[in-house]
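Read through the structure below, which is laid out as structure tokens, and then see the notes.
Chains as they are written, first to last, in the working numbering: chain R, 1 to 112; chain C, 1 to 111.
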């Protein structure tokens, strides 16, 4: 089983809203990731958690706030986003931080 | 900034042909290489990983790695219309965690 589950699948939010994206995996993977993907571009790394600790923050604006409540869950809290933040947000996980990564189905976010 | 470059597409092949997708990378000490397939509107799906020089075969897919030339490729034999997608080459940085993706090659297999 290589399933990473993301909710919601679609999200429309206003620029003053607060929302959260959720990601869950039950494969015992110790590394989890958030990526952002714009249309016709490759995924861009945002955050990496390794053993529930934030190990990489790719200079992401503070309006994006990651959280790893436990080894199976990863959240991305969103606040005061801009229309240019509209994108596909992808969660991924891997056994260790240097092994192959499996992606969830993504959350299609639209900021209005 | 480490770079991964893929042959510019789009690539169009007839059904049943071999599709060849190429990728070069700049970080000479990279050790882990991946091919992902992404259908339009969907998330990337891992189809091959390769770590050693040579060929690795999985069904109709063959990944080839040449570390001396800093080159990795994906061959798809007996291409099917369902193979039509964007193929992303990804290279893991030496310290791990950070995957660098190429821009992707859009493949169309014509019936």
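Glycine included, every Cβ here is placed at the ideal spot set by N, Cα and C.
Could you list which residues in chain C have their beta carbon closer than 9 angstroms to that of residue i, in chain order?
i: residue 50(R); result: 96, 97
CA-CA distance, residue i and residue j?
i: residue 10(R); j: residue 69(C); result: 42 angstroms
i: residue 81(C); j: residue 7(C); result: 20 angstroms
i: residue 125(R); j: residue 30(R); result: Nothing in the structure corresponds to residue 125(R), since chain R is present only between 1 and 112.
i: residue 111(C); j: residue 18(C); result: 14 angstroms
i: residue 96(C); j: residue 97(R); result: 6 angstroms
i: residue 73(C); j: residue 54(R); result: 33 angstroms
i: residue 101(R); j: residue 42(R); result: 15 angstroms
i: residue 5(C); j: residue 15(R); result: 36 angstroms
i: residue 66(R); j: residue 45(R); result: 13 angstroms
i: residue 42(C); j: residue 28(R); result: 24 angstroms
Check residue i in the structure and name its three-state DSSP category.
i: residue 85(R); result: helix
i: residue 95(C); result: coil
i: residue 55(C); result: strand
i: residue 14(C); result: strand
i: residue 69(R); result: strand
i: residue 82(C); result: helix
i: residue 24(R); result: strand
i: residue 6(R); result: strand
Starting from residue i, find everything on chain R with Cβ-Cβ shorter than 8 angstroms and list it in chain order.
i: residue 10(C); result: Under the 8 angstroms cutoff, chain R gives no residues; its nearest Cβ is about 11 angstroms from residue 10(C).
Using a cut-off of 8 angstroms between C-beta atoms, extract the partners of residue i located in chain C.
i: residue 100(R); result: 32, 34, 46, 49
i: residue 55(R); result: 97
i: residue 90(R); result: 43, 44
List the residues of chain C whose Cβ lies closer than 7 angstroms to the Cβ of residue i, in chain order.
i: residue 47(R); result: Correct list: empty, because the minimum Cβ distance to chain C is about 10 angstroms.
i: residue 168(R); result: No answer is possible for residue 168(R): it lies beyond the span of chain R, which begins at 1 and ends at 112.
i: residue 43(R); result: 44, 101
Round the Cβ separation of residue i and residue j to the nearest angstrom and send it over; I've been treating them as touching at under 8 angstroms.
i: residue 37(R); j: residue 88(R); result: 4 angstroms
Can you find at least 3 beta carbon pairs, one from the segment 77-97 of chain R and one from the segment 70-90 of chain C, that sit closer than 8 angstroms? no
Quick check: the segment 72-80 of chain R against the segment 12-26 of chain R, are at least 3 beta-carbon pairs closer than 8 angstroms? yes
Do the segment 27-40 of chain C and the segment 83-94 of chain C make contact, defined as three or more Cβ pairs closer than 8 angstroms? yes
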